[in-house]
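Note that the sequence shown ends on residue 694 in the numbering used here; no numbers are left out.
The C-beta atom is built at its ideal place from N, Cα and C for all residues, glycine as well.
So the structure is just underneath, and the comments pick up after that.
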Amino acid sequence: MIHEVFPVGVLQCNCSVIGDEQTREAMVIDPGDDIDNVLDIVRQHGLTVKQIVITHAHIDHVGGATKLKQATGASILLNQNDYTLLKMLDVQAAWIGMQSPGAVAVDSSIGTGDKVAAGNIVADVLHTPGHTEGSICLYFESDKKLVAGDTLFAGSIGRTDLPGGSYKKIMQSLQGPVLALPDETIVVPGHGPLTTIGEERDSNPFLTR
Ligand SMILES: [Zn+2]
């Protein structure tokens, strides 16, 4: 599977372009900003974007979704528990002193039990509330890879002090579906360097206490 991870926007959100080498179909996860860069990477690999997946409705992850949809015609997928947060994009823009990207129209809600596909590449959706009510992770079992949004970072976890955040829920999400994954699973967090489930199980201060 083709997988490019690169930071976008002022908050350096990790955006993923994931493509099927055979069918050249792709999904883009968390196109927060810098959509021209995203489209360059898509073009370099000769991919067609079919799905735009948003791990949660914070502006640094969802801000470029409408522009990417206009360029590709792909569907926007977000868990419905984040629809309220999505309506607050203007407020979120003001928090970080940037211009509002305008409204984002979601095509479908996704949650636990759903699968997102790009060609023959399939990801299982894990609803992992805590950072926000509608936070999700995507697990690519074939490649043992987890795109974790802001639920899990190398050495840390997502903040829970913003609207919709819950420390209790993020710990339940981590100790439930996330840590149930195999140790060798590569974790692509919403910001910062990649890690593995085993590394975080052993050394993440939030998970070892
Ligand atoms: Zn966030």
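The Cβ atoms of Gly-619 and Asn-689 do not sit closer than 7 Å to each other.
Between Gly-661 and Gly-615 a beta carbon distance of about 10 Å is seen, past the 8 Å cut, so the two are scored as non-contacting.
Under the three-state reduction of DSSP, Lys-535 is assigned to strand. Inside the region 528-581, DSSP marks whole beta strand (DSSP E) runs of 3 or more residues at positions 533-538 and 560-562, from first to last along the chain. Rounded to whole angstroms, His-530 and Val-502 show a C-alpha spacing of 10 Å.
One residue after another in chain order, those with a Cβ under 5 Å from a heavy atom of ligand 1 are His-543 and Asp-635. Here Lys-629 carries a coil assignment [DSSP, helix/strand/coil]. Within its own chain, the residues whose Cβ lies closer than 7 Å to the Cβ of Ser-658, once the five positions on either side in sequence are excluded, are Thr-613, Pro-614, Gly-615 and Thr-636, listed in chain order.
For Leu-692, the uninterrupted alpha helix (DSSP H) segment begins and ends at 690-693.
Asp-687 carries a helical assignment under DSSP once its states are collapsed to helix, strand and coil.
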